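Data block below; observations after.
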Amino acid sequence: MNIKTLEKIKFDIKQQNFQIDFKNTLLDSSSRIVIVWANEKSTTTILEKALEDNLIGLYFVWILTTTVALDYFNQRQKKELIGILTVEPVKGDFVDVPINTTLLNEAYKIWKYYEPDTFPGEANVSSYGLFTFDAT
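Okay, so the sequence shown: first residue is 1 according to my numbering, each after it adds one.
Set out below in structure tokens:
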């Protein structure tokens, strides 16, 4: 099986809006699978826009990489949130899978040396960062 991403919809996190015609891009697509890889604030904004444009429901499957609080949505919107799957990474040590700590510590050292301003501290590295490290 060969899966390809044919279209990427860019979302401006500073302006909290799309850089393209969001609704028509999704409606004109032959695929009805939408993957949202964004932080909670942006994901919530994207879902709000999708609800406004009737892009959530029977004809679309949404895969989110961030949990969104349902409290943010009103009762009508909550009923329309159909076809959404949230996938969250779990660190290996959380589910009794060993982590190569020697390699991880070396990666932290390299990060601290070359990009010290961006290193958040070992306890604050996100699961996504760890998965990216693991994949490379």
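Glycine included, every Cβ here is placed at the ideal spot set by N, Cα and C. As the structure is a computational prediction, the values presented were derived from the model and not from experiment.
Delimiting residues of the beta strand (DSSP E) encompassing Leu-85:
84-86
Ile-20: buried (16+ other C-beta within 10 angstroms of its C-beta) or exposed?
exposed
Can you say whether Ala-50 is buried or exposed, counting buried as having 16 or more other CB atoms within 10 angstroms of its CB?
buried
Decide if the stretch 74-89 is in contact with the stretch 45-65; the criterion is three or more beta carbon pairs, one per stretch, under 8 Å apart.
yes
Test item: CB-CB of Asp-53 and Phe-22 under 8 Å
yes
Is Ile-110 helix, strand or coil when you go by DSSP?
helix
Three-way DSSP call (helix, strand, coil) for Ile-46 in this model
helix
Measure the alpha-carbon distance for Pro-116 versus Ile-110 and round it to whole angstroms.
9 Å
With a 10 Å radius around its C-beta and 16 neighbouring C-beta atoms as the bar for buried, classify Thr-102 as buried or exposed.
exposed
Span of the alpha helix (DSSP H) holding Leu-26?
22-28
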